[in-house]
Amino acid sequence: VLDDLGDGAVLTGGAEVRLEGDRLYGRGACDAKGIAAAMMVAAQRLAEAGEERVDLLFVVGEEKGSPGARAANRLPATSRFLVNGEPTESKLASGCKGAQRVIVRVRGREAHSAYAHLGESALEAMLDLLPKLRDVSLPTDPILGETTYNIGVLRAGTEANIVPGLAEAEIMIRLVGDIEPVRAAFTLWAGDRAELVWGSHIPAQHFQTISGFEVEPVAYTSDIPLLDRWGSPLLFGPGSIHVAHTPIEYIDVAELHASADAYVRIVRTLLA
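Written as structure tokens, this is what we have:
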């Protein structure tokens, strides 16, 4: 299975495709068009060798609510294993973090900025609150490491001459275990100073691995939790997530070729 085939968030706004030395540059080179190519080559080799128990599943929209995976999971599925493609630097992932979105909403009272003392700035209250998040104790996991978060968006006010009556912060939390302790910690942190609006939640995962591959957990998530009808999951792919979604996204050509061999080896091991 491959996430994000044809997803606009991955394709648009990148540099033109080019080959420089041993690197193929372009949006989607490693996440995930290169992986798609490697999977198709591997499937062809397996078919030519008489293996008829392998199918390819390409889904879209992992970055935007995963409509492809959700639709696929409604289809009849009899597969025993699901080998998901993400850039793992050609290592088998032992697990991946989950994800939880939350909006922090602080309300104040608008006033003319010339008489700011007559209002209550929601933005100033938000700026007082957010640094205290650093002191919140969050769960850890021996394999996946620490729960982390990113304050990615901050919105407040409408005009410079108006005291902001509303401030919002959008936070992405990377989970290593159960969501409930995290929600409890954030709720205690917010107290009566802010409203928390919880969004979509994808749980953390631990994956099957096989011998002969380097193994390492990854901090991102994938569509695997939404494809739970498709068999025991594994996560593997060429390329690095550190350059994915960037103007310098690339994949090493040698690693790309080797990954096709690796997919063949994974399939044969699983079906042996």
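Note that our numbering has the sequence shown beginning at -14, numbered continuously upward. Think of the CB as a built atom: it goes at the ideal place given N, C-alpha and C, for glycine as much as any other residue.
Straight-line spacing of the CA atoms in residue 116 and residue 127 works out to 27 Å. Nearest neighbour of residue 178 by Cα position, chosen from 107, 76, 161, turns out to be 107. Burial check for residue 69: the Cβ neighbour count within 10 Å reaches 16 or more, so the residue is buried.
Minimum Cα-Cα distance from residue 136 among the listed residues 149, 87, 151, 163 corresponds to 87.
Here the alpha carbon of residue 150 sits roughly 30 Å from the alpha carbon of residue 122. When the five nearest sequence neighbours on each side are left out, the beta carbons in the same chain lying within less than 7 Å of the beta carbon of residue 162 are those of 124, 126, 189, in order along the chain.
Counting only unbroken stretches of 3 or more residues, the beta strand (DSSP E) elements lying wholly within the region 13 to 71 are 66 to 69, in sequence order. Between residue 238 and residue 182, the alpha-carbon positions lie close to 44 Å from each other. In the displayed model, residue 238 falls within a helix according to three-state DSSP. Per DSSP, the beta bridge partners of residue 87 are 156, 183. Close CB contacts of residue 129 within its chain, under the 7 Å cut and outside five residues either way in sequence, are with 80, 82, 161, 189, 202 (chain order). Membership of residue 172 in the alpha helix (DSSP H) is indicated by the continuous run 164 to 175.
With a contact defined as Cβ atoms closer than 8 Å, residue 215 and residue 51 miss out at about 13 Å.
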